[in-house]
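Engineer: Going letter by letter, the sequence shown gives residues 2 to 252 in the numbering used here. Can you keep this structure in mind? I'll have questions shortly.
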Amino acid sequence: APVDSVAEFVREYEEKQFLGPNSLVFDKDGTLYFTDSGPPGETTLADRKGSVFSVTADGQLLRPLALSCLAHPSGLALSKNHAQLFVAETLANRVLRYVQRPAGVFHASVFVQLAGGLGPTALATDPDTGNLFVGHFDFAAEDADDAQPGRVSVFSPAGKLLAEVDFPAPEITAMAVLSSSDLTIRVRIVDTFDEALDSSQLPNSTSLVVEQKGHAAERLSMGEMVGDDVAFHFRPKHAGDVSVTLDLGAF
């Protein structure tokens, strides 16, 4: 439903205004977690004033997990089961982990210490594996010859580095990870004049037959159009290669 109005939720802690919220995330119970870092330069390695707060779903209880002690905290992510909160402390070039045990008591530790660049800014958790994706931020080079690629590191829930992915530019500020098990297959169907056909021009029975060796085939119905392509959504149930066959039905 459309939002009819915008109301202030929280603005200060113990009569002291926030520096400026940076990132936020909600857990499954509706508790809001957010980092308070202000603009770049407001909190630094030499003057650590950044904080992490939580707010209950009803807005009645605001409490700090870390108060005026972090060097520009930014991105947030929850673990797969929402039992842990990860915080990117950008200017300390590290990711912190907060564990709540017992309820209402948070324990902080360094999940991973990074090196190179300015520091991590964006975090996202794979909803299937629980792996944590960490986006590294650095300033873009003024000289193209000195340009360095951007980097996203993937860590297991135990903090083991699993992979690193290069990106064209180093200024990574936000990131989202969809289910690693979901696969979207895009098919462009053209007529004899090589013109792409819209799904509305195809029989309703049009489907994609997906097969994995040693397992029964699965028939997928048409999804939405993505540009000139028809999208078919598939979640593999087994490891291994996938082969596909387009069935146009009674076309």
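Quick reminder that beta carbons are idealized off the backbone N, C-alpha and C, glycines included.
Under a three-way DSSP split, which group does S200 fall into?
Structural biologist: Counted from its first residue, the sequence shown places residue 200 at position 199. Three-state DSSP puts S200 in a helix.
Engineer: How do the stretch 43-58 and the stretch 75-95 stand: do at least 3 beta-carbon pairs fall below 8 Å, yes or no?
Structural biologist: yes
Engineer: Let me check understanding here. Comparing Cα to Cα, which of G105, Q85, F140 lies closest to Y99?
Structural biologist: Residue mapping note: residue 99 aligns to position 98 of the sequence shown, counting from 1. If we check each option's Cα against that of Y99, Q85 comes out closest.
Engineer: On the CB-based measure, 16 or more other CB atoms within 10 Å of its CB, does S157 come out buried or exposed?
Structural biologist: Locating residue 157 in the sequence shown gives position 156, counting from the first residue. Under this definition S157 is an exposed residue.
Engineer: Could you check what DSSP says for T91 in three-state terms: helix, strand or coil?
Structural biologist: What you label residue 91 is simply residue 90 of the sequence shown in a count that begins at 1. The DSSP-derived three-state label of T91 is helix.
Engineer: Who are the Cβ neighbours of F112 in its own chain at under 7 Å, not counting the five residues just before and after it?
Structural biologist: Position 111 of the sequence shown, counting from 1, holds the residue named residue 112. Cβ neighbours of F112 beyond the five flanking positions: F87, V96, L97, R98, G160.
Engineer: Taking the alpha-carbon positions, what's the A109 to A141 distance?
Structural biologist: The count along the sequence shown starts at 1 and reaches residue 109 at position 108. The count along the sequence shown starts at 1 and reaches residue 141 at position 140. Straight-line Cα distance between these residues: approximately 32 Å.
Engineer: What first and last residue would you give for the beta strand (DSSP E) that runs through N23?
Structural biologist: If you number the sequence shown from 1, residue 23 lands on position 22. Here the beta strand (DSSP E) through N23 covers 22-27.
Engineer: Should R64 be labelled buried (16 or more other beta-carbon atoms within 10 Å of its own) or exposed?
Structural biologist: Position 63 of the sequence shown, counted from the first residue, corresponds to residue 64. The residue in question, R64, is exposed, as its Cβ has fewer than 16 Cβ neighbours within 10 Å.
Engineer: Within 10 Å of its beta-carbon, does T57 have 16 or more other beta-carbons around it, so buried, or fewer, so exposed?
Structural biologist: Residue numbering aside, residue 57 sits at position 56 when the sequence shown is read from its first letter. With fewer than 16 other Cβ atoms within 10 Å, it is exposed.
Engineer: So within the stretch 45-124, which uninterrupted alpha helix (DSSP H) runs reach at least 4 residues, ignoring any that extend past its ends?
Structural biologist: none
Engineer: Quick check on DSSP: helix, strand or coil for M223?
Structural biologist: Here residue 223 is taken as the residue at index 222 of the sequence shown, counted from 1. Residue state, collapsed to three classes: coil.
Engineer: Can you pull the DSSP bridge partners for G136?
Structural biologist: Locating residue 136 in the sequence shown gives position 135, where the first residue counts as 1. G136 is bridged to A123, V153.
Engineer: Measuring alpha carbon to alpha carbon, tell me which of G31, A78, I190 ends up nearest M223.
Structural biologist: Taking the sequence shown and counting its residues from 1, one reaches residue 223 at position 222. Among G31, A78, I190, the Cα nearest to that of M223 is on I190.
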